[in-house]
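In my numbering, the protein residues as written are -2 to 563. The beta-carbon is built from N, C-alpha and C at its ideal position, and this holds for glycine as well.
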Amino acid sequence: MRFSELLIPTLKETPAEAEVVSHQLLLRAGFIRKLTSGVYSYLPLALRCLRKFEAIIREEMARGGAQELLLPMVQPADLWRESGRWRKYGPELLRFTDRHERESCLGPTHEEVITDLVRMNVHSYRDLPKNLYQIQTKFRDEIRPRFGLMRGREFIMKDGYSFDADEAGAEATYRRMYDAYMRIFARCGLAFRAVEADTGTIGGSFSHEFMVLADTGEDTIVVCHGCDYAANLEKATCRPAPVVGAGEPPAELEKVATPGKRSVAEVTEFLGVSPKRLIKTLVYLADGDPVAVLVRGDHEVQPVKLQNLLGALEVELADDAAVQEAAGVPVGYLGPVGCRLRVVADLEVQRMVNAVTGANEPDAHLRNVNPGRDFTVEQYADLRMVTEEDRCPRCGAGLRLTRGIEVGHIFKLGTAYSEAMEATFLDAEGKQRHFVMGCYGIGVSRTIAAAIEQNHDADGIVWPAPIAPFAVTVLDLSTRKDNVSEVVDGIVQDLAASGLDVLVDDRNERPGIKFKDADLIGIPVRVTVGRRYLSEGRVEVRRRRDGETLNVELAGVVDAVLGLLT
RNA sequence: CGGGGCGUGGCGCAGCCUGGUAGCGCGUCUGCUUUGGGAGCAGAAUGUCGGAGGUUCGAAUCCUCUCGCCCCGACCA
């Protein structure tokens, strides 16, 4: 295609509204424009990326046994009332009434619609399993849209739903979708990990998030150096940490004055001990009720783990006043010995020897505190955040914390929706049973943004070839004196004949502008035809990612391009 | 929704405190020159200063209301 005919409004300067790099580059390189908060127009270049990604998704979903359909975006409130989500979903669900005063909403997701469709049309185990998906624009009235395509209100999503006759079938389907997702993101040329995600109340190992690795990601994930273990920080576990002072005989409990020493750092420095020797006592409010939580001094509480242990809907760290009121002790001097609160502790605490804790009175701490001898807790559980000092729970190798962008999420739903909406079929014995469901999402537009977060440099985007808007761009540097347009046309035809998407920069612009725009737009390979061809008979073929450059004769252009693309 | 900030030509900004008829860079248009990393010269166009009220002889500037957008927090693909 010709640059001069396409709408590619590149910008020399970064618009002030764009905070993250993918947003800045999508705007500057002429891929998107904002219509209103969290809502973007996809210009021709962006649409080409989306179409390429979607094609990969469609192929791999088909291989995974899923079939595509397209569900309505406008959905009746009654369906959402059946599932209970009309009440639960909150203001993120954009609701409205039509001229007949019928309540409706814009679909943020389609469990209700698909469950309704299947219950009306699938009645026998003979028809199962069914795995259905769509690629569609979703709307969620996010409180605060930001980061361009990373978190818009309107976004493109692939959402799939499976219906199986039993648990075993649902698990097999889940596995197939997991494999399909691995193939999809691998084919896109993205560095990613499938991580075990927190499954909340459902439990089990049937939720995975697919995270594109990027420093700018919103989520922290833990990955193993040695094996393929990877988990969301909310869920990550590790081998037990070495115990400081292991083997020491329990010493006599001793109270020491620590005036004004409140923080872990202050206390351990004052007493000349390692933070690993200190038991940190934090007060959390679990649905409003205070609970004391013990972790080693150098560890942090993982709130989601705590929340799951306590079965609470919400946990938050109590503020100083709430701590004083609940425990009767100022912050900084709390400890488990004689604590009047409910106490839970991290597993590591149980094995600590001759530890330091607050004395539950101002300006004093206790030395030589030993769990079991000096205090007991209601429950020991894994409550802490994994650190880079920890070891992989599977293989014992080192762990790395890294940032990721969630681009896919697969989830075993079980019968939650089929029960709420009475979606049943008849099994071989003629008994009515509820469908066992799964759901599988991919943030399609978000993945495009994530790809940029992961693949860019100071000059612009560096597209992975499989989702690049074009495979190759050819710069026509013709001037009045040196016309090479015929040569360019020939090269374009050759490249197109090899099945490559070609963007020809045929604009009447100076070379510098074309080079800058080509770098900004990020097409993987660039072919430059200028007066050098006329003087040397050669054209330049250059790879965007690493600047690898070949000077080749006309006959070698296609091979050079193909070579640099692999 | 709570907290912070911003709306001035297509983009990036100054002017506002201390009212006096709007300016800079880039971009756009015309002509000539130039043409391998965002050109030079000459000329030109483009603003209801987000909107509505008010104060004032006079409002981009002060006051009130309103709309939109951005950033931080709770939510999420």
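Other residues of its chain near residue i: CB distance less than 7 Å, five sequence neighbours each side excluded
i: Val485; result: Val471, Asp473, Val501 and Val526
i: Asp371; result: Leu250 and Val334
i: Ser271; result: Val241 and Thr265
i: Gln21; result: Thr11 and Ala15
i: Pro142; result: Ser34, Gly35, Arg148, Gly149 and Arg150
i: Pro461; result: Cys185, Gly186, Leu187, Ala448 and Asn452
i: Leu8; result: Leu24 and Arg25
i: Asp456; result: Asp516 and Leu517
i: Gly393; result: Arg236
One or two residues paired with residue i in a DSSP bridge
i: Asp473; result: Val526
i: Lys409; result: Gly435
i: Ala378; result: Asp343
i: Thr444; result: The partner list for Thr444 (beta bridge, DSSP) is empty, contrary to what the question assumes.
i: Asn128; result: Ser159
i: Val538; result: Val524 and Leu547
i: Thr217; result: Arg400
i: Asp454; result: Gly457
i: Arg430; result: Phe422
i: Gln21; result: Bridge partners of Gln21: none, in fact.
i: Gln133; result: Met154
i: Arg(-1); result: Val501
Nearest-angstrom Cβ-Cβ length linking residue i and residue j, presumed shorter than 8 Å
i: Leu210; j: Lys302; result: Contact doesn't hold; Cβ gap of about 23 Å is too wide.
i: Cys224; j: Arg391; result: 5 Å
i: Lys49; j: Ile464; result: 5 Å
i: Glu245; j: Val350; result: 5 Å
i: Leu268; j: Val292; result: 18 Å between Cβ atoms; not a contact.
i: Glu51; j: Val441; result: 7 Å
i: Ile111; j: Tyr39; result: About 26 Å separates the two Cβ atoms, so there is no contact after all.
i: Leu561; j: Arg540; result: 4 Å
i: Ala191; j: Met174; result: About 11 Å separates the two Cβ atoms, so there is no contact after all.
i: Ala167; j: Asp176; result: Not confirmed; about 15 Å, so no contact.
i: Leu344; j: Ala378; result: 7 Å
i: Ile276; j: Ala352; result: 5 Å
i: Ile583; j: Leu146; result: The question about residue 583 has no answer here: the residues shown for the chain are numbered -2 through 563.
Proximal residues to residue i (C-beta, below 8 Å), its chain only, five neighbours per side dropped
i: Glu151; result: Gly35, Val36, Tyr37, Thr134, Lys135 and Phe136
i: Val499; result: Met(-2), Phe467, Ala468, Val469, Thr470, Val471, Val489, Leu492 and Ala493
i: Glu109; result: Gln72, Leu76, Trp77, Glu79, Ser80, Arg82, Tyr414 and Met418
i: Glu89; result: Pro105, Arg137, Asp138, Glu139 and Ile140
i: Leu230; result: Asp216, Thr217, Ile218, Val219, Gln299, Met382, Val383 and Leu398
i: Ala319; result: Val280, Leu282 and Pro287
i: Ala188; result: Val209, Leu210 and Gln451
i: Pro508; result: Leu472, Leu474 and Gly527
Coil, strand or helix - residue i by DSSP
i: Ile199; result: Its pLDDT being 48, under 50, Ile199 is placed unreliably by the model, and nothing is read from it.
i: Met208; result: strand
i: Ala227; result: strand
i: Leu398; result: strand
i: His222; result: coil
i: Lys31; result: strand
i: Thr7; result: coil
i: Leu187; result: coil
i: Ala462; result: helix
i: Leu531; result: helix
i: Val366; result: strand
i: Arg236; result: coil
i: Ala13; result: coil
i: Arg388; result: strand
i: Val383; result: coil
i: Glu419; result: coil
i: Leu500; result: strand
i: Asp516; result: helix
i: Phe372; result: strand
i: Arg507; result: coil
i: Asp569; result: Nothing can be reported for residue 569, as the shown portion of the chain is limited to -2 through 563.
i: Ala552; result: helix
i: Asp486; result: helix
Neighbourhood of residue i by C-beta distance below 6 Å, restricted to the same chain and skipping five residues each side
i: Gly329; result: Arg259
i: Asn367; result: Pro247
i: Val326; result: Asn357
i: Asp479; result: Arg528 and Leu531
i: Leu68; result: His107, Val110 and Gln131
i: Thr94; result: Glu100
Practice prompt. Scan the segment 36 to 121 and note each continuous alpha helix (DSSP H) run of 4 residues or more that stays entirely inside, going in chain order.
Written response: 41 to 60, 74 to 80, 82 to 85 and 108 to 118
Discussion item. So within the segment 307 to 361, which uninterrupted alpha helix (DSSP H) runs reach at least 4 residues, ignoring any that extend past its ends?
Written reply: 317 to 324 and 344 to 347
Worksheet item: Can you list, in chain order, the stretches of the beta strand (DSSP E) that have 3 or more residues and sit fully within the segment 238 to 322?
Response: If we require 3 residues or more, the beta strand (DSSP E) runs fully inside the segment 238 to 322 come out as 251 to 254, 276 to 283, 286 to 293 and 312 to 314.
Practice prompt. Go through the segment 135 to 194 residue by residue and report every complete run of the beta strand (DSSP E) that reaches 3 residues or more, in order.
Written response: You should have 151 to 161 and 189 to 193.
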